[in-house]
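**Q** Chains L and C are the protein sequences, given in the same order. Residue numbers for the first sequence follow the UniProt record's numbering, beginning at 1 and rising by one. Residue numbers for the second sequence follow the UniProt record's numbering, beginning at 1 and rising by one. Every residue gets a Cβ at the ideal spot worked out from N, C-alpha and C, and that includes glycine. All figures in this text were calculated on a predicted structure; none of them were measured in a lab.
Number of protein chains: 2
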Amino acid sequence: MGQRSDSDHVMAEATTDKRQGHTRGRTGNDRRTQIIKVATELFREKGYYATSLDDIADRIGFTKPAIYYYFKSKEDVLFAIVNSIVDEALERFHAIAAGPGSPGERIHALLVEHTRTILRNLDANTVFYNERGLLSPEREREMRKREREYTEIMQRLYAEGVATGELLDVDPTVATATLLGAAIWTYRWYDPEGRLSADEVVEQITRLLLNGYRRPA
Amino acid sequence: MGQRSDSDHVMAEATTDKRQGHTRGRTGNDRRTQIIKVATELFREKGYYATSLDDIADRIGFTKPAIYYYFKSKEDVLFAIVNSIVDEALERFHAIAAGPGSPGERIHALLVEHTRTILRNLDANTVFYNERGLLSPEREREMRKREREYTEIMQRLYAEGVATGELLDVDPTVATATLLGAAIWTYRWYDPEGRLSADEVVEQITRLLLNGYRRPA
DNA sequence: CCTACCGATCGGTAGG
DNA sequence: CCTACCGATCGGTAGG
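(1) Out of Leu-210(C), Ala-217(C), Arg-214(C), Pro-216(C), which has the shortest C-alpha to C-alpha gap to Leu-110(C)?
(2) Under 8 Å Cβ-Cβ, which residues of chain L neighbour Tyr-150(C)?
(3) Alpha carbon to alpha carbon, how far is Ile-96(L) from Trp-189(C)?
(4) What's the gap between the Cα of His-94(L) and the Cα of Ile-153(L)?
(5) So, are the CB atoms of Ser-102(L) and Glu-166(L) less than 9 Å apart?
(6) Spell out whether any CB of chain L is found under 9 Å from the CB atom of Gln-204(C).
(7) In the DSSP assignment, find the alpha helix (DSSP H) that holds Tyr-150(L) and state where it starts and stops.
(8) Tell me whether the beta-carbon of Ile-81(L) lies closer than 9 Å to the beta-carbon of Ala-124(L).
(9) Scan the segment 170 to 188 of chain C for residues whose Cβ lies nearer than 9 Å to a Cβ of chain L and list them as they occur along the chain.
(10) Going by other Cβ atoms of all chains shown within 10 Å of its Cβ, with 16 needed for buried, is Arg-120(C) buried or exposed?
(11) Could you pull out every residue in the same chain whose Cβ sits closer than 7 Å to the Cβ of Ala-182(C), ignoring the five residues on either side in sequence?
(12) If I'm right that Arg-59(L) touches Val-38(L) with Cβ under 8 Å, what's the distance once you round it to whole angstroms?
(13) Buried or exposed: Glu-195(C), going by 16 or more other Cβ atoms within 10 Å of its Cβ?
(14) Report the CB separation of Tyr-150(L) from Leu-90(L) in whole angstroms; it is logged as a contact under 8 Å.
(15) Return yes when the Cβ of Thr-176(L) is within less than 9 Å of the Cβ of Gln-155(L), no when it is not.
(16) So for His-108(C), helix, strand or coil by DSSP?
(17) Below 8 Å CB to CB, which residues in the same chain sit around Thr-164(C) once its five sequence neighbours on both sides are set aside?
(18) Based on DSSP bridge pairs, tell me the residues matched to Arg-215(C).
(19) Can you pull the chain L neighbours of Asn-125(C), defined as C-beta to C-beta under 8 Å?
(20) Would you decide whether Asp-171(L) is buried or exposed? Buried here means 16 or more other CB atoms lie within 10 Å of its CB.
(21) Please confirm if Glu-166(C) has its CB atom under 9 Å from at least one CB of chain L.
(22) For the segment 99 to 114 of chain L, list every residue whose C-beta sits within 8 Å of some C-beta in chain C, in sequence order.
(23) Who does Leu-167(L) pair with in a DSSP beta bridge?
(24) Is the Cβ of Val-201(L) closer than 9 Å to any Cβ of chain C?
(25) Rounded to whole angstroms, what is the Cα-Cα separation between Gly-21(C) and Glu-147(C)?
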């Protein structure tokens with residue numbers, strides 16, 4: 001809490017070579033990244049509304065108006081976080097769906113990669129799933145549209161697998177929402193400091209979803 | 001939006017027989033119930049912070065201080081909603097776990113009933129899952145404790161099923177979080193006005209979780 | 001990136 | 001259950 005993380009440190013180093021006279025050697029992009037990082041932590045801990053811009057500025061060590069040098073509004077900070085998550089997910093789904101394997105194998109790959117990504121970046125994904133509803137109506141519509149885009153990729157894949165007889169015959173909308181929901185829900189309970197590694201959890205969840213909880217006789 | 005629902009209407013009727021001179025024939029308990037109902041709708045629509053006590057009072061047709069006649073604070077209104085949800089879940093889990101059937105059969109029953117309950121009362125369950133983190137630290141701890149209580153019931157059941165060989169051998173914590181998560185996630189995507197009935201959705205989800213998405217050969 | 005400040009919102013209370 | 005009101009918080013801006 002409050003201490004610099006590794007990724008932050010690495011980024012600070014990366015720009016050290018080409019110092020441009022900015023305070024403490026940070027470039028503008030670096031500062032922007034730092035604001036996003038700290039905001040992500042705080043939005044996750046306390047939620048968007050309960051986090052003030054003063055809270056964010058305090059944790060970084062400057063004052064609130066500095067944030068307005070990099071962002072037009074508080075909502076823009078949230079949007080930056082949420083947008084990058086949906087961007088990455090969209091790209092990932094496109095890549096895997098277009099890749100090799102049967103529909104069932106590609107769905108398995110989607111579930112593995114989606115869960116891995118969430119567990120590897122719990123802060124931002126928690127903010128994404130908890131706070132994306134607080135964006136302006138226009139931006140929320142935009143987000144929903146892109147989310148629908150990648151869930152539809154999975155639905156088409158599922159429908160294909162049902163048609164070939166590879167996958168259990170349930171409604172593709174229900175199937176994908178349920179499977180993705182099971183994967184996404186990890187953000188609510190997984191504890192990185194806990195007993196189980198992220199890789200173990202990913203393996204067990206995806207095996208459970210593939211085979212069902214009833215052990216085959 | 002803004003119109004009286006059936007349940008509201010029914011409650012108003014129920015107290016008509018024994019009018020006590022209250023405005024529009026409502027008893028105190030009735031008013032309290034009405035405040036909870038309207039707050040539940042608004043907290044779901046706009047979230048807890050974005051909903052003011054004036055919003056709630058406006059939709060009912062009186063003024064903010066009236067709410068303080070029935071509740072000590074805004075948080076108490078949220079607590080009333082969240083508390084009743086966790087109460088019912090706890091009772092349901094206890095009853096089913098103590099009931100008949102193999103561990104696998106009782107887990108199936110738990111998933112069916114939990115999903116049904118969520119779909120039948122989407123407003124309050126959405127508030128529960130979205131806003132329970134906004135309670136005071138003491139109350140949040142109390143909620144988490146009771147939630148843990150009923151997830152542990154399911155974990156013990158799962159462990160028992162693994163021991164007898166009935167259930168797939170994955171960690172009971174992972175299994176129950178994943179299965180429950182898949183069921184709970186319905187609150188985020190199920191549309192009561194949509195193509196599928198709640199009963200169909202419950203049947204398909206629980207069948208999918210039991211058998212897995214790969215069709216048995 | 002800072003100091004100083006404004007305007008609006010809102011939970012909660014006094015006093016009836 | 002109402003009118004009137006207070007105190008605190010907070011996003012955002014002026015002006016440098």
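**A** In short:
(1) Leu-210(C)
(2) Near Tyr-150(C) there are no residues of chain L at all, since even the closest Cβ is about 14 Å away, more than 8 Å.
(3) 23 Å
(4) 7 Å
(5) yes
(6) Yes, contact with chain L.
(7) First-last of the alpha helix (DSSP H) with Tyr-150(L): 137 to 163.
(8) yes
(9) Val-170, Asp-171, Thr-173, Val-174, Ala-175, Ala-177, Thr-178, Leu-179, Leu-180, Gly-181, Ala-182, Ala-183, Ile-184, Trp-185, Thr-186, Arg-188
(10) By the neighbour-count rule (16 or more Cβ atoms within 10 Å), Arg-120(C) is not buried but exposed.
(11) Ile-205, Leu-209
(12) 5 Å
(13) It is Arg, not Glu, that sits at residue 195(C) in the sequence shown. The residue is exposed, with fewer than 16 neighbouring Cβ atoms inside 10 Å.
(14) So it is a contact: roughly 5 Å between Cβ atoms.
(15) yes
(16) helix
(17) Ser-102, Pro-103
(18) Beta-bridge pairing links Arg-215(C) to no other residue.
(19) When 8 Å is used as the limit between beta carbons, Asn-125(C) is near no residue of chain L, the shortest such separation being about 14 Å.
(20) buried
(21) yes
(22) Gly-104, Ile-107
(23) Per DSSP, Arg-214(C).
(24) yes
(25) Since pLDDT at Gly-21(C) reaches only 34, below the 50 mark, its modelled position is unreliable, and no value is offered.
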